[in-house]
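Protein chains in written order, with the working numbering: chain V, 1 to 266; chain U, 267 to 391.
Set out below in structure tokens:
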């Protein structure tokens, strides 16, 4: 039996079509979603809001301990590793000086104690988050309650979000963080190498009806609430007292407000 | 066939060598994973509407999207029973803490769950 070229090509073509068609018949009709009957719910005492926001009352951050206590509360709960060098440093909430917090161009005659005054900084959970636009995998996204959150499962470590964030709120895991965590907290997963991370406004605690860890540890220095609720404490402060935000000229609409005048001279 | 005898003899030897493991294990019972029925039953009870052994990875993916993106942390299964969507709690829910490991070890699958999620302390990899 001998076949010519034309017959050979026709037969291989038919076989290929059969193979592909067969594969689709097996996999194409397999349902993508499973257990359609099931539902998802929130926990009964979960805290709900339409835009979570925070006010940082700088009058309550006086000593080194005020900053440290807040940072430790956050970092210990979220298993933030301590690499002991600034290149690999991972930070969710940290202390920075005036210039780095509110941008350059300030009055150069500003007194030293003001110019070098430390501020508590964290992810601003912007209303128009540039990191979300930059993320190619939708690993970073804005939740309905205003929290800019991350799905670490999806992060591919491209670090576009870090370049897009004007506040330096994001850190990258250059190494496996597990060995650098002093005491692993069971409340929140760790991360792996090659993943970006940042503050998540403690959405896992809000889901259980708790306040964010930093707010609890701040002894009133951090005030947390729903900006869209006219009766919330944050809304009252933001609308009646003088607060500033980081780099508002960029139009990202941060949700973290700094009460700099203190309570008396608002 | 040129040198047919040698070729056929070599082929028979080759096939024989290749199939030694099959003949060697023929008739012996497969040991199977050390999964007790209680564990399996518990796992199946999380969602009786699906085959949990085959489809739990897809279910967990749905859990992840609901929990992380929608903030919904409770799963109500097709029979109305509520579960916290947490693989930590699921893995630590049976007394031996071997719910995941017993099957995964046997099948030599190594899902990366525990490289981030905190494995229940008693669990053995």
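Just so it is clear, CB atoms sit at the ideal spot from N, CA and C, and this is done for glycine as well. Small disclaimer: the values here were computed from a predicted structure and weren't measured.
For this session: Determine which residues of the segment 295-324 of chain U have a Cβ less than 7 Å from any Cβ of chain V, and write them out in chain order.
Result: 313, 315, 316, 321, 324
Exercise. Since residue 197 (chain V) and residue 173 (chain V) are thought to touch, with beta carbons under 8 Å apart, how far apart are those beta carbons, to the nearest angstrom?
Worked result: Sequence index remark: in the first chain, residue 197 (chain V) carries index 197 (1-based). Sequence index remark: in the first chain, residue 173 (chain V) carries index 173 (1-based). Yes, residue 197 (chain V) and residue 173 (chain V) are in contact; Cβ-Cβ is about 7 Å, under 8 Å.
Problem set entry | For residue 234 (chain V), three-class secondary structure by DSSP | Position 234 of the first chain, counted from the first residue, corresponds to residue 234 (chain V). Here residue 234 (chain V) sits in helix by DSSP.
For this session: State the CB to CB distance for the pair residue 312 (chain U) and residue 291 (chain U), rounded to an integer number of angstroms; the pair is presumed to be in contact (CB under 8 Å).
Result: Residue mapping note: residue 312 (chain U) aligns to position 46 of the second chain, counting from 1. Residue mapping note: residue 291 (chain U) aligns to position 25 of the second chain, counting from 1. With 8 Å as the limit, residue 312 (chain U) and residue 291 (chain U) do not qualify as a contact, their Cβ atoms being about 35 Å apart.
Exercise. Are residue 146 (chain V) and residue 239 (chain V) closer than 8 Å when you measure CB to CB?
Worked result: Your numbering for residue 146 (chain V) matches position 146 in the first chain. Your numbering for residue 239 (chain V) matches position 239 in the first chain. Contact: no.
For this session: Report yes if the C-beta distance between residue 243 (chain V) and residue 126 (chain V) is below 8 Å; otherwise report no.
Result: Taking the first residue of the first chain as 1, we reach residue 243 (chain V) at position 243. Taking the first residue of the first chain as 1, we reach residue 126 (chain V) at position 126. No, these two residues do not count as a Cβ contact at 8 Å.
Exercise. If the cut is a Cβ gap below 8 Å, which residues of chain V does residue 340 (chain U) touch?
Worked result: As a first step, residue 340 (chain U) is located in the second chain; it is residue number 74 there, counting from the start. Within chain V, the residues near residue 340 (chain U) are 40, 41, 42, 43.
Exercise. Is any beta-carbon of chain V found at less than 8 Å from that of residue 337 (chain U)?
Worked result: Residue 337 (chain U) sits at position 71 when you count from the first residue of the second chain. Yes, residue 337 (chain U) lies at the interface with chain V (some Cβ there is under 8 Å from its Cβ).
For this session: Using a Cβ cut-off of 8 Å (strictly closer), state whether residue 266 (chain V) contacts chain U.
Result: Residue mapping note: residue 266 (chain V) aligns to position 266 of the first chain, counting from 1. With a pLDDT of 42 at residue 266 (chain V), under the threshold of 50, the modelled position of this residue cannot be trusted, and the question is left open.
For this session: Could you tell me which residues DSSP puts in a beta bridge with residue 149 (chain V)?
Result: Numbered from its first residue, the first chain carries residue 149 (chain V) at position 149. Bridge partners of residue 149 (chain V): V:141.
Exercise. Would the beta-carbon of residue 224 (chain V) fall within 8 Å of that of residue 120 (chain V)?
Worked result: Taking the first residue of the first chain as 1, we reach residue 224 (chain V) at position 224. Taking the first residue of the first chain as 1, we reach residue 120 (chain V) at position 120. Against a cut-off of 8 Å, the Cβ pair of residue 120 (chain V) and residue 224 (chain V) comes out as no contact.
Exercise. Using a C-beta cutoff of 8 Å, does residue 390 (chain U) count as contacting chain V?
Worked result: By one-based count along the second chain, residue 390 (chain U) stands at place 124. Summary for residue 390 (chain U): the model assigns pLDDT 49, below 50, so the residue's position carries little reliability; its value from the coordinates is reported in the next sentence. Look at residue 390 (chain U): its C-beta is not under 8 Å from any C-beta on chain V.
Exercise. My guess is that residue 79 (chain V) and residue 190 (chain V) are in contact by the Cβ rule of under 8 Å, so how many angstroms apart are they, rounded?
Worked result: Within the first chain, numbered from 1, the residue matching residue 79 (chain V) stands at position 79. Within the first chain, numbered from 1, the residue matching residue 190 (chain V) stands at position 190. Right, the Cβ-Cβ distance comes to about 4 Å (below 8 Å), so this counts as a contact.
Problem set entry | Rounded separation between residue 46 (chain V) and residue 82 (chain V) - CA only | Position 46 of the first chain, counted from the first residue, corresponds to residue 46 (chain V). Position 82 of the first chain, counted from the first residue, corresponds to residue 82 (chain V). Going from the Cα of residue 46 (chain V) to the Cα of residue 82 (chain V) covers about 31 Å.
Problem set entry | Proximity test, Cβ basis, 8 Å: residue 77 (chain V) and chain U | Locating residue 77 (chain V) in the first chain gives position 77, counting from the first residue. False, the Cβ-Cβ gap to chain U never drops below 8 Å.
For this session: Mind listing, in chain order, the continuous alpha helix (DSSP H) runs of no fewer than 4 residues lying wholly within the segment 331-384 of chain U?
Result: 353-357, 365-373, 379-382
Problem set entry | Test: residue 246 (chain V) CB closer than 8 Å to a CB of chain U | Numbered from 1 along the first chain, position 246 holds the residue referred to as residue 246 (chain V). Chain U contact via Cβ: absent.
For this session: Determine, using beta carbons only, whether residue 180 (chain V) comes closer than 8 Å to chain U.
Result: The sequence position of residue 180 (chain V) within the first chain is 180, counting from 1. Residue 180 (chain V) does not count as touching chain U.
For this session: Please go through the segment 49-125 of chain V and give each complete beta strand (DSSP E) segment of 3 or more residues, from N-terminal end onward.
Result: Counting whole runs of 3 or more residues, the segment 49-125 of chain V contains the beta strand (DSSP E) stretches 52-57, 93-97, 118-122.
For this session: Check the C-beta distance from residue 142 (chain V) over to residue 129 (chain V) and give it rounded, since I have them as a contact under 8 Å.
Result: In the first chain, residue 142 (chain V) corresponds to position 142, counting from 1. In the first chain, residue 129 (chain V) corresponds to position 129, counting from 1. Confirmed, Cβ separation roughly 6 Å.
Problem set entry | Sheet register partners of residue 171 (chain V) (DSSP bridge) | Counting from 1 along the first chain, the entry for residue 171 (chain V) is found at position 171. For residue 171 (chain V), which the question treats as bridged, DSSP gives the partners V:197.
Problem set entry | residue 136 (chain V) burial status per 10 Å Cβ neighbour count (16 or more: buried) | Numbered from its first residue, the first chain carries residue 136 (chain V) at position 136. The residue in question, residue 136 (chain V), is exposed, as its Cβ has fewer than 16 Cβ neighbours within 10 Å.
Exercise. Can you find a CB in chain U that lies within less than 8 Å of the CB of residue 70 (chain V)?
Worked result: Indexing the first chain from 1 puts residue 70 (chain V) at position 70. Chain U contact via Cβ: absent.
Exercise. Can you name, in chain order, every residue of its own chain whose Cβ lies under 8 Å from the Cβ of residue 216 (chain V), other than the five neighbours on each side?
Worked result: Position 216 of the first chain, counting from 1, holds the residue named residue 216 (chain V). Contacts found: 73, 210.
For this session: Compute the Euclidean distance between the alpha carbons of residue 132 (chain V) and residue 200 (chain V), then round it to the nearest angstrom.
Result: For the purposes of this step, residue 132 (chain V) is taken as residue 132 along the first chain, with counting starting at 1. For the purposes of this step, residue 200 (chain V) is taken as residue 200 along the first chain, with counting starting at 1. Across the structure, residue 132 (chain V) and residue 200 (chain V) are spaced so that their CA atoms are roughly 14 Å apart.
Exercise. Which class does residue 256 (chain V) belong to by DSSP, given the choice of helix, strand or coil?
Worked result: Stepping through the first chain from its first residue, residue 256 (chain V) is reached at position 256. If DSSP states are grouped into helix, strand and coil, residue 256 (chain V) belongs with the strands.
For this session: List the residues that DSSP assigns as beta-bridge partners of residue 40 (chain V).
Result: Translated into the one-based positions of the first chain, residue 40 (chain V) becomes position 40. DSSP output for residue 40 (chain V) lists U:341 as bridge partner(s).
Exercise. Taking Cβ positions only, does residue 145 (chain V) come closer than 8 Å to chain U?
Worked result: On the first chain, residue 145 (chain V) is found 145 positions in, with the first residue counted as 1. With 8 Å as the cut-off, residue 145 (chain V) counts as an interface residue toward chain U.
For this session: Report the three-state DSSP secondary structure of residue 34 (chain V) (helix, strand or coil).
Result: As a first step, residue 34 (chain V) must be located in the first chain, where it is residue number 34. Note: residue 34 (chain V) maps to coil in three-state DSSP.
Exercise. In or out: residue 101 (chain V) buried (at least 16 other Cβ within 10 Å) or exposed?
Worked result: Position 101 of the first chain holds residue 101 (chain V). Its Cβ being crowded by 16 or more others within 10 Å, residue 101 (chain V) is buried.
For this session: Could you spell out where the alpha helix (DSSP H) holding residue 279 (chain U) opens and where it closes?
Result: Looking up residue 279 (chain U) in the second chain gives position 13. First-last of the alpha helix (DSSP H) with residue 279 (chain U): 270-284.
For this session: Can you say whether residue 274 (chain U) is buried or exposed, counting buried as having 16 or more other CB atoms within 10 angstroms of its CB?
Result: In the second chain, the residue the question calls residue 274 (chain U) occupies position 8. The residue in question, residue 274 (chain U), is exposed, as its Cβ has fewer than 16 Cβ neighbours within 10 Å.
Exercise. Any residues in the segment 154-170 of chain V with a beta carbon nearer than 8 Å to a beta carbon of chain U? Which ones, in chain order?
Worked result: Within the segment 154-170 of chain V, no residue has a Cβ that lies closer than 8 Å to any Cβ of chain U.
Problem set entry | Neighbour-count burial assignment, residue 295 (chain U), 16 or more Cβ in a 10 Å radius | Against the second chain, residue 295 (chain U) aligns to sequence position 29. Its Cβ having fewer than 16 others within 10 Å, residue 295 (chain U) is exposed.
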